[in-house]
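For reference, the structure discussed in these notes is given below.
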């Protein structure tokens with residue numbers, strides 16, 4: 370019995386850990402798309418954030434500084450996306466694809482410069498801390514490797530991700546600025562008539578999404594693992610994008626979808642560790658098959674913000 | 050005469066070709082600036098790349114080999130794009146094509162031309178179904194093709210990784226399948242190359258021998274034929290007209306009596322089939338087997354770039370695919386030659402796409418430059 374409870378704790382814990390990078394990035398997706406700007410460049414922003422986070426954490430010995438810089442790196446790519454989409458009426462999906470090439474290109478270019486020609490960083494000296502161990506001491510509050518320890522003794526980024534879900538929910542639905550973001554995403558012309566600066570809101574939203582995606586990348590490179598490598602992100606940004614659509618453009622929905630993907634990963638790792646006789650690749654496939662089935666059967670038609678992808682031109686052209 | 054020049058210029062700038070060429074130039078410019086900031090001589094780097102593409106027939110052959118799958122996945126993305134669908138799933142459809150080609154190439158025992166035809170045909174059918182599935186669930190259930198194809202990419206990747214572990218198909222523990230039969234290969238003169246006469250020929254003929262040292266294959270010829278086919282279907286047939294009408298304005302197309310839902314499925318069937326062909330030619334011509342994938346290989350994603358730079362047309366995809374292939378192959382040379390990161394190529398590709406997306410910006414820059422030039426001329 371105790372063994373089963375421990376196993377469940379292990380699965381829940383790994384689920385939380387692997388969901389975290391997705392939640393950060395997915396929240397970023399919610400913010401930008403609610404303002405009416407598609408951001409398919411989340412993958413590139415996450416990739417770049419993963420590199421910047423690990424590189425800064427390596428050289429500064431401070432994982433937190435790395436974490437914040439990763440966000441700023443993502444926001445920089447967000448700025449490029451915003452300039453293209455908001456100011457210069459770029460096709461948003463095309464610009465997003467460009468961001469993906471720029472993000473991976475810049476990340477690897479800098480990696481080769483700062484890490485002796487390698488496409489991965491060296492192992493960082495200090496990972497993001499585990500708050501429970503940090504506050505109460507190793508194994509003091511919960512018994513080491515017990516259920517509570519396995520579930521709750523996780524990286525600070527895990528706690529932060531869930532906290533940010535609440536923050537984004539609150540800001541989006543309960544504050545003036547959130548209402549404005551929604552108004553701009555649903556009907557920019559009307560918002561403009563009411564004196565809301567569509568351009569400014571969209572710049573803010575796109576850059577925030579970049580910041581969040583950068584954090585998501587760093588949550589991978591300096592918490593889940595302890596270095597950046599060129600295959601670390603490979604597609605997680607796209608999964609986060611899908612999670613956001615799956616979650617119907619809502620922060621809480623996106624979080625649940627990310628937990629589904631993280632959960633499948635948790636089960637996969639658990640069964641792999643137990644030597645379960647089902648091939649791991651078939652297990653790994655499950656969440657993606659499940660997502661399609663759920664979208665087809667239960668969720669049905671997903672409705673994006675009304676003005677999504679539409680170019681807004683104040684001059685009325 | 051002057052008027053004529055003006056008209057030509059405005060045609061060049063308002064047409065997509067001119068904007069694309071300017072975007073490419075800006076991509077090279079930004080690449081140079083980044084190399085310069087990082088402490089490398091950009092002229093030297095570009096010279097190394099240029100030499101790495103053209104200085105030996107072997108290099109040119111490799112560029113063509115690199116470009117072949119990119120051209121075809123580019124055509125795949127372009128085809129869907131013209132119907133207003135964003136096929137981010139070319140990656141997965143490519144993988145499905147590769148699996149089918151590797152399986153048909155290994156398990157079937159058939160004569161030469163028939164074997165290739167069957168392998169490519171099955172790969173195209175399987176990948177068309179894979180792509181068509183995304184089109185169908187969009188038409189029937191309203192699920193956006195971007196999310197469904199992202200999911201299908203991962204399913205394809207893990208399916209491929211599952212298949213390579215099957216006992217009948219792959220040598221255990223190596224993470225690779227057995228090589229396809231020689232009858233299924235599309236390489237040029239592969240048997241003759243290792244015969245005595247062939248070895249002698251390669252030694253004595255510098256240029257052609259050099260080419261024969263590479264896995265040169267007829268995939269490129271098929272890529273060109275497919276580009277012509279895509280152009281023909283889209284521009285010269287009723288079906289193509291309907292598909293483009295849906296892409297241009299689905300509501301108007303619907304009102305005009307075109308079945309929009311059916312068009313979506315058909316478009317994704319074609320798009321998937323093309324990506325599958327890319328995977329098939331890569332297996333039959335270059336890799337001869339499939340192996341466990343640690344991550345997405347990127348042929349489908351690169352195809353998106355090719356399609357965008359090529360303005361979503363058949364001919365455009367061929368040129369953009371060759372450009373991308375050349376930069377990818379030639380760009381890899383600056384790493385060894387001068388320790389300059391080869392990823393500057395990705396940055397350049399990203400920049401080109403970014404500028405392609407912003408015709409408004411390019412026109413603005415040109416107007417400013419023109420005004421400056423005129424004013425300067427008046428003052429002097």
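Protein chains in written order, with my numbering: chain A, 370 to 686; chain B, 50 to 429. Even for Gly, the Cβ is constructed at its ideal location relative to N, Cα and C. No experiment lies behind these values; they were computed from the predicted model shown.
Keeping to the same chain, check which residues put their C-beta closer than 6 Å to that of residue i; ignore five residues upstream and five downstream.
i: residue 530/A; result: 389, 392 and 393
i: residue 94/B; result: 84, 383 and 389
i: residue 497/A; result: 432, 524, 525, 526, 591 and 592
i: residue 613/A; result: 395, 398, 399 and 623
i: residue 118/B; result: 327, 331 and 348
For residue i, write down the residues that DSSP places opposite it in a beta bridge.
i: residue 266/B; result: 236/B
i: residue 221/B; result: In DSSP, residue 221/B forms no bridge with anything.
i: residue 487/A; result: According to DSSP, residue 487/A bridges with nothing at all.
i: residue 340/B; result: 225/B
i: residue 690/A; result: Lying before the first or after the last residue shown, residue 690/A is absent from chain A, which here runs from 370 to 686.
For residue i, decide whether its Cβ has a neighbour in chain A, counting only Cβ atoms nearer than 8 Å.
i: residue 403/B; result: yes
i: residue 135/B; result: yes
i: residue 407/B; result: yes
i: residue 196/B; result: yes
i: residue 375/B; result: no
i: residue 226/B; result: no
i: residue 388/B; result: yes
i: residue 399/B; result: yes
i: residue 77/B; result: no
i: residue 326/B; result: no
i: residue 193/B; result: yes
i: residue 139/B; result: no
i: residue 271/B; result: no
i: residue 313/B; result: no
i: residue 203/B; result: yes
What number of angstroms, rounded off, separates the C-alpha of residue i from the C-alpha of residue j?
i: residue 464/A; j: residue 395/A; result: 19 Å
i: residue 500/A; j: residue 569/A; result: 37 Å
i: residue 454/A; j: residue 365/B; result: 24 Å
i: residue 502/A; j: residue 509/A; result: 8 Å
i: residue 579/A; j: residue 322/B; result: 35 Å
i: residue 175/B; j: residue 149/B; result: 7 Å
i: residue 355/B; j: residue 404/B; result: 14 Å
i: residue 122/B; j: residue 144/B; result: 11 Å
i: residue 86/B; j: residue 550/A; result: 38 Å
i: residue 566/A; j: residue 133/B; result: 30 Å
i: residue 536/A; j: residue 449/A; result: 26 Å
i: residue 429/B; j: residue 397/B; result: Here residue 429/B scores only 47 on pLDDT, less than 50, and its place in the model should not be relied on; the value that follows carries that caveat. Residue 429/B and residue 397/B: Cα-Cα distance of roughly 38 Å.
i: residue 353/B; j: residue 470/A; result: 11 Å
Using a Cβ-Cβ cut-off of 7 Å (strictly less than) and excluding sequence neighbours within five positions of residue i, which residues of its own chain qualify?
i: residue 260/B; result: 106, 107 and 110
i: residue 382/B; result: 97, 98 and 101
i: residue 618/A; result: 399, 402, 403, 673 and 674
i: residue 183/B; result: 138, 194, 197, 198, 201 and 317
i: residue 219/B; result: 213, 225, 226 and 227
i: residue 394/B; result: 376, 377 and 380
Determine the DSSP secondary structure at residue i, reduced to helix, strand or coil.
i: residue 226/B; result: strand
i: residue 359/B; result: coil
i: residue 28/B; result: As shown, chain B starts at 50 and ends at 429. That puts residue 28/B outside it, with no answer to give.
i: residue 104/B; result: coil
i: residue 90/B; result: coil
i: residue 507/A; result: coil
i: residue 288/B; result: helix
i: residue 388/B; result: coil
i: residue 402/A; result: helix
Enumerate in chain order the residues of its own chain whose CB-to-CB distance from residue i is below 8 Å, with the five nearest sequence positions on each side excluded.
i: residue 434/B; result: Only positions 50 to 429 of chain B appear in the structure, and residue 434/B is not among them; the question remains open.
i: residue 659/A; result: 629 and 633
i: residue 556/A; result: 675 and 676
i: residue 288/B; result: 282 and 315
Looking at chain B, is there any beta carbon in it that lies within less than 8 Å of the beta carbon of residue i?
i: residue 483/A; result: no
i: residue 460/A; result: yes
i: residue 640/A; result: no
i: residue 392/A; result: no
i: residue 681/A; result: no
i: residue 654/A; result: yes
i: residue 688/A; result: The displayed coordinates of chain A run from 370 to 686. Any statement about residue 688/A would go beyond what the structure contains.
i: residue 647/A; result: no
i: residue 396/A; result: no
i: residue 660/A; result: yes
i: residue 466/A; result: yes
At a threshold of 7 Å, does residue i count as lining the ligand ZN (C-beta to nearest heavy atom)?
i: residue 493/A; result: Because no ligand of any kind appears in the structure shown, any question about the ligand ZN cannot be addressed here.
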